[in-house]
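Heads up: the protein sequence lines correspond to chains A and B, in order.
Taking my numbering, the leading residue of the first sequence gets 1, the next gets one more, and so forth.
Taking my numbering, the leading residue of the second sequence gets 1001, the next gets one more, and so forth.
Please read the structure below before turning to the comments.
There are 2 protein chains.
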Amino acid sequence: MPGLAHSIAVVAPASRLTPELAERVTALAKAHYGARLTLFFHPQCFLSAGHFAGDDAARRDAFVAVANDPAYDAVWIGRGGYGSCRIAAEAVAGLDEVARRKTYLGYSDAGALLAALYRRRIGRVVHGPMPADLLRDGGARAVLRSLRYLVDGAPDALEPSLGGGKPAAAFNLTVLSSILGTPLEPDLSGHVLMIEDVSEHMYRIDRTLFHLASTPAMRSVAGLRLGRCSDIPENDPDFGLTAEEVARHWCGVSGIAWLGRADIGHDVENKVVPFG
Amino acid sequence: MPGLAHSIAVVAPASRLTPELAERVTALAKAHYGARLTLFFHPQCFLSAGHFAGDDAARRDAFVAVANDPAYDAVWIGRGGYGSCRIAAEAVAGLDEVARRKTYLGYSDAGALLAALYRRRIGRVVHGPMPADLLRDGGARAVLRSLRYLVDGAPDALEPSLGGGKPAAAFNLTVLSSILGTPLEPDLSGHVLMIEDVSEHMYRIDRTLFHLASTPAMRSVAGLRLGRCSDIPENDPDFGLTAEEVARHWCGVSGIAWLGRADIGHDVENKVVPFG
């Protein structure tokens, strides 16, 4: 298994980063770790091709390059947005033995890539804050949480329900739904599955939970924990149920065990969830 | 197979209708068909329970009641919105032999119910305009198109690419994605699959097409036709690809044959697509 990280490479398999953000994250890392940590933002992070941080080939190749490069201990996904599913299968197919000794950390859209890695049990796959979280109010705390996990293995960075003896995994609900039944879907049987979402209407959250709970493979999880569903747009008329009520409903319908809440979400409190 | 309809029942498995809309549709039907057609709006259409036209039991029971009632030749879904997936499996399980002699017509959210019916080959399943389309500018034309199909079997109501000797099916793309891998998913192997969508960002259309094109069962369709994707919210930054370019991309990646456009969508031009 991968050890603690002294050198971390950042790539952007979805949306682009600005050089200014990279400089701020680099300064933050330097202030906290000095020469103990090298943080490398791959130039691909700053490319632009329509919605994406460079075209599919550029994003895939940058990911494969840093993953297969023994100079880096960890690959940190720079930002969510959208685009990982477009390159995940090819990217993972291009990895070699070096890539198996690394940690891969991100969340949101990056879930498609984390899923593909975890499906093949490549490296240590981790759900947690990304460099772009620095743009949030108080975001330094979130960014440092991931660095503290990667560099120091800090136990207080971890989602607090972890450690009950069952493997865990965490996903953005909508992203997980979009990979169900595809070659990116990981085997989550026996896992505590944590989900979170952002900017989805309640009717969409309900529909996505229907999809998850009605998928036979998902019924083999050890149970479901609901992270935060934030920035829910107004439903007209009012949906009538909260996200937790909806999650409990679909757990009841499907027989998936309802395990309570998880301390994850699109916010600065988002805790770290190593898969497995 | 079902014949032409003289008596049509309207139910609302998703969002509610207003009595005023029902009166207007009834008046339109009467003006065109007089005593040749009886149109019955089940009182469930006007119920309200949060987002839905009554709770799950009320919506399910109304559907089952009219489907199993020999007094009606066809069941017309009153409106989309959201909610059919919540009741589709139980509703279809409650149908008897009478229900097999009927036509079921709707689109959008109703696709979850149409899928469940088609999976079991119950009745004639049809994608086409609903009573709520009367609320669109020029909507009488859309509503009358479905009535002309149901009552007269009018050939010019049909989507113009039909008739090439291959079975067809039509779905809202997002709704189809949400039932993939669930007990509602129908066998579409060998079918010309028509899809349309509304009010989805380009990145969501791309992601949903990734899901569809990456699902092994979907790769057995005879080919894909893209209906209209309307009211696409602004993408920031601009996505860089149109809906047709995205559809062609995923056809290329998956090996699904690209067959061109389909004359369906969330608009008054939405043509009728009988499944099979």
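Using N, Cα and C, we set each Cβ at its ideal position, and we do this for glycine too.
Only a predicted model underlies this, so the values are computations on that prediction, with no experimental measurement involved.
Three-way DSSP call (helix, strand, coil) for residue i in this model
| i | result |
| --- | --- |
| Leu-1184(B) | coil |
| Phe-1210(B) | helix |
| Val-125(A) | strand |
| Asp-197(A) | strand |
| Arg-1136(B) | coil |
| Thr-242(A) | coil |
| Ala-1222(B) | coil |
| Ala-71(A) | coil |
| Ser-1230(B) | strand |
| Val-1272(B) | strand |
| Ser-189(A) | coil |
| Ala-9(A) | strand |
| Ile-1077(B) | strand |
| Ala-1049(B) | strand |
| Gly-1003(B) | coil |
| Tyr-33(A) | helix |
| Ala-1168(B) | strand |
| Thr-1038(B) | strand |
| Thr-103(A) | strand |
| Leu-176(A) | helix |
| Gly-1094(B) | coil |
| Leu-17(A) | coil |
| Gly-252(A) | helix |
| Arg-261(A) | strand |
| Leu-162(A) | coil |
| Ala-1088(B) | helix |
| Ala-1154(B) | coil |
| Thr-1026(B) | helix |
| Arg-1119(B) | helix |
| Ala-1203(B) | The sequence given here places Tyr at residue 1203(B); Ala does not occur at that position. Of the three classes helix, strand and coil, the one that applies to Tyr-1203(B) here is helix, per DSSP. |
| Ala-1111(B) | First, the amino acid is wrong: residue 1111(B) is Gly here, not Ala. It is helical. |
| Tyr-1149(B) | helix |
Neighbour flag for residue i against chain B, beta carbons, 8 Å
| i | result |
| --- | --- |
| Pro-183(A) | yes |
| Thr-215(A) | yes |
| His-211(A) | yes |
| Tyr-118(A) | no |
| Ser-178(A) | yes |
| Tyr-203(A) | yes |
C-beta neighbour in chain A for residue i, strict 8 Å
| i | result |
| --- | --- |
| Asn-1235(B) | yes |
| Arg-1207(B) | yes |
Nonlocal neighbours in the same chain, by C-beta distance under 6 Å from residue i, ignoring five residues either side
| i | result |
| --- | --- |
| Asp-1056(B) | Arg-1086 and Ile-1087 |
| Ala-243(A) | Ile-205 and Cys-229 |
| Trp-1076(B) | Ile-1008, Val-1010 and Leu-1105 |
| Ala-257(A) | Gly-223 |
| Ala-1012(B) | Cys-1045, Ala-1053, Gly-1078 and Arg-1079 |
| Ala-1035(B) | none |
Beta-carbon spacing of residue i, residue j below 8 Å
| i | j | result |
| --- | --- | --- |
| Arg-59(A) | Gly-83(A) | yes |
| Ala-1074(B) | Leu-1150(B) | yes |
| Ala-281(A) | Gly-1240(B) | Residue 281(A) is absent from the structure shown; chain A starts at 1 and stops at 276. |
| Asp-1196(B) | Asn-1172(B) | A small correction: the amino acid at residue 1196(B) is Glu; Asp does not occupy that position in the sequence shown. Cβ distance < 8 Å, so Glu-1196(B) and Asn-1172(B) count as in contact. |
| Ala-91(A) | Asn-68(A) | no |
| Ile-1264(B) | Gly-1227(B) | yes |
| Leu-1037(B) | Ala-1029(B) | yes |
| Pro-70(A) | Phe-46(A) | no |
| Val-1246(B) | Leu-1209(B) | yes |
| Pro-274(A) | Val-126(A) | yes |
| Met-1200(B) | Val-1272(B) | The question names Met, but residue 1200(B) in the sequence shown is Glu. Cβ atoms of Glu-1200(B) and Val-1272(B): not closer than 8 Å. |
| Arg-145(A) | Gly-128(A) | yes |
| Tyr-203(A) | His-1051(B) | yes |
Other residues of its chain near residue i: CB distance less than 7 Å, five sequence neighbours each side excluded
| i | result |
| --- | --- |
| Gly-984(B) | No answer is possible for residue 984(B): the residues shown for chain B start at 1001 and end at 1276. |
| Arg-1141(B) | Val-1268 |
| Ala-116(A) | Ala-88, Ala-89, Val-92 and Leu-184 |
| Asp-156(A) | none |
| Leu-259(A) | Val-192, Gly-223, Leu-224 and Arg-225 |
Cβ shell of residue i (< 8 Å), same chain only, five flanking positions each side left out
| i | result |
| --- | --- |
| Leu-138(A) | Looking at the sequence shown, residue 138(A) is not Leu but Gly. The answer, listed in chain order, is Val-268. |
| Leu-1188(B) | Ala-1169, Ala-1217, Met-1218, Ser-1220 and Val-1221 |
| Asp-96(A) | Asn-68 |
Residue i CB to nearest heavy atom of the ligand COA below 7 Å
| i | result |
| --- | --- |
| Arg-79(A) | What this structure holds is no ligand at all, so the ligand COA is not there to describe. |
At a CB distance below 9 Å, what residues from the segment 40 to 57 of chain A approach chain B? Give them in sequence order. So the close ones are Ser-48, Ala-49, Gly-50, His-51 and Phe-52.
Check each residue of the segment 68 to 97 of chain A: if its Cβ is closer than 9 Å to any Cβ of chain B, include it; give the result in chain order. Closer than 9 Å at the C-beta level to chain B, one finds these residues of the segment 68 to 97 of chain A: Gly-81, Tyr-82, Gly-83, Cys-85, Arg-86 and Ala-89.
Beta carbons nearer than 8 Å to chain B: which residues of the segment 237 to 264 of chain A have them? Cβ contacts with chain B: Pro-237, Asp-238, Phe-239, Gly-240 and Leu-241.
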